Structure formats: structure tokens, C-alpha cells
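> Have a look at the structure that comes next, please.
Numbering (full-length UniProt numbering), first residue to last: 1 to 264.
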């Protein structure tokens, strides 16, 4: 009774093939596989996974705030961060916001009589629901109207919704394309530096190495990300985006953006 039958079966169908492949192709021993899980009695003892970090114990630690903080001025760069948008194309105002699944407010639950207190709001809902498109559009427009000076935008991932038991590659790609295009339109002329979130993959959180079989790797995701990111990034970023969803770029002398894909 951890979740509904639909959620459990969806998670199993999406993740079992990956787990099965991993078990039959890993160099990890049984104890090491167990040690990956949050189980305290399993300790990894394989030499392949032992490593040492050398830390300089003589360095001076940080014991307080810096005293030489520059005074703010009109010349300062203003950077907008957009993060965890979690756009839900199936969000429906008036649908069931108090459901048994991890994510509610879905169009599929909008039929029938629903108590007013359990209905999803028009501008989103504070219960287990993600973000409707009209809220995202309105927020972008408000930001643009309110903040006349925006030098750069950091888009730090997690555009895809939390419906992790029912994602598809094409569905994730459609959501990523739609939102990146919306950002380009609403913030026309402003450089954007995007990042990949853990929800962008299919299944969620699974970033198979690009040298794994096609059905298990995430080459499809990195290729799609480059197809929608290239407008903002230098051409030499293509190689690393396609390799691992990461890149670096220098918008101005003395300023470098480093986008790390920590999901890998």
C-alpha cells in the first residue's frame, strides 16, 4: 500500500529493464550493489571503488563573511535564475487536487463532481500539483515587465513534471522544447545558460552512460538538449553537451559559466 497500483506498475515497467541490465552487466559484487542502497549494514569493500582524497590541512578555514564586499552599483550584472519549473501539460483548473497519487490536478480527474475544497486552483495549487502553462507565461511576463535590466539568465533544470511513473521520451522532449522556446520568446535578446535537471531523463533520475546500449543510454536527451540550447551557447559546447550534458562558456572577459551535470 505504498502507492496506487497504477504508480507501482508504471515505475516497475519503466525501471525493471534497466535494473535487470545493470545486475547482469555490472562489475560490482553483491555487497557493493547492496552498499549503493541506504542500508547501513552493507559496506563496499571492492578495491575498484576505494579512493583517497588528499586535503591540505594547513590551509586557512573560512571563519566569517568577507570584509571586502564591493559596493553595489548600477554597473552590476543582474542575473535571473529560473529553476524547477515542472511544467505540467495535463494541469486542469478544477480537477482533483487531493488525490492518492504523487501528483494531482490532472485533466484525467476533472470529470464528475469534485468538492470545492479539493479542486485545483486556476493559478496552480499548493498541494501535490505541478505548474500550468498560463502561470509560467504570466510569471515570465511579470518578470520582464518588472525587471528592466536582466543581463543573463540561468535556467537550472527540472522543467519536466513529477509524473515519474508515466513519462515518455517524446513527452519529455516536447515539454523541454516548449518551455525553452517560451523562454526564448519572453526573454528575447537575453543570453540564457541552461542546465539539465534530474527529471529531464526517462525514466526520471536515470542517466545511463552514452556507451550503454541505445535503450538504456541518454544520448537521445543530450542530442535534444543541444538542439534547443545551441542558440545560446558557443559552438565548442556541442561536444560536451552531447557527451554528458555539461559545458562551459565565457560571456565576457573575466566571467565564465560552468554548467555541471551532477546526474551523471
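Even for Gly, the Cβ is constructed at its ideal location relative to N, Cα and C.
Note that the structure is a prediction, hence the values are computed from the model and not measured.
Please classify residue 228: does DSSP put it in a helix, a strand, or coil?
Correct three-state label for residue 228: helix.
> Between which residues of its own chain and residue 118 is the CB-CB distance below 7 Å, once the five residues before and five after are set aside?
Here the set comprises 96, 97 and 98.
> Roughly how many angstroms lie between the CA atoms of residue 107 and residue 87, to the nearest whole one?
Answer to the nearest angstrom: the Cα atoms are 14 Å apart.
> Take every Cβ of the segment 226–242, pair it with every Cβ of the segment 27–39, and state whether three or more of those distances are shorter than 8 Å.
With the cut-off at 8 Å, the segment 226–242 and the segment 27–39 do not touch.
> Would you say residue 194 and residue 155 are within 8 Å of each other, going by their C-beta atoms?
In this structure, residue 155 lies closer than 8 Å to residue 194 by Cβ.
> Mapping the DSSP letters down to three states, classify residue 194 as helix, strand or coil.
Reduced to three states, the DSSP call for residue 194 is strand.
> Report the rounded CA-to-CA distance for residue 30 versus residue 49, giving the unit in angstroms.
Taking the straight line from one Cα to the other gives about 13 Å.
> How should residue 168 be labelled, buried or exposed, when 16 other C-beta atoms within 10 angstroms of its C-beta is the threshold for buried?
Residue 168 should be labelled exposed.
> Out of curiosity, what's the CA-to-CA distance linking residue 260 and residue 247?
Going by the C-alpha atoms only, they are around 7 Å apart.
> Mark residue 38 as exposed unless 16 or more other C-beta atoms lie within 10 angstroms of its C-beta, in which case mark it buried.
Residue 38 is exposed by the Cβ-count criterion.
> Return the Cβ separation of residue 218 and residue 204 in integer angstroms, given the expectation that the two are a contact with Cβ distance under 8 Å.
Not quite, the Cβ-Cβ distance comes to about 12 Å (not below 8 Å), so this is no contact.
> On the CB-based measure, 16 or more other CB atoms within 10 Å of its CB, does residue 64 come out buried or exposed?
Counting Cβ neighbours within 10 Å, residue 64 comes out exposed, since fewer than 16 surround it.
> Tell me, which residues are paired with residue 54 by DSSP?
DSSP output for residue 54 lists no bridge partner at all.
> Taking only three categories from DSSP, how would you classify residue 259?
Strand.
> So, helix, strand or coil for residue 203, using DSSP?
Residue 203: coil per DSSP, three-state reduction.
> Give, in chain order, every unbroken run of the beta strand (DSSP E) that is at least 3 residues long and sits entirely within the segment 20–93.
As far as the segment 20–93 is concerned, its whole beta strand (DSSP E) runs of at least 3 residues are 79–82.
> Rounded to whole angstroms, what is the Cα-Cα separation between residue 151 and residue 75?
Those two C-alpha atoms are separated by around 11 Å.
> Residue 224 and residue 160 look like a contact to me (Cβ under 8 Å); what is the Cβ gap, rounded to whole Å?
So it is not a contact: roughly 12 Å between Cβ atoms.
> Going by DSSP in three states, residue 160 sits in which element: helix, strand or coil?
In this structure, residue 160 counts as strand in the three-state DSSP scheme.
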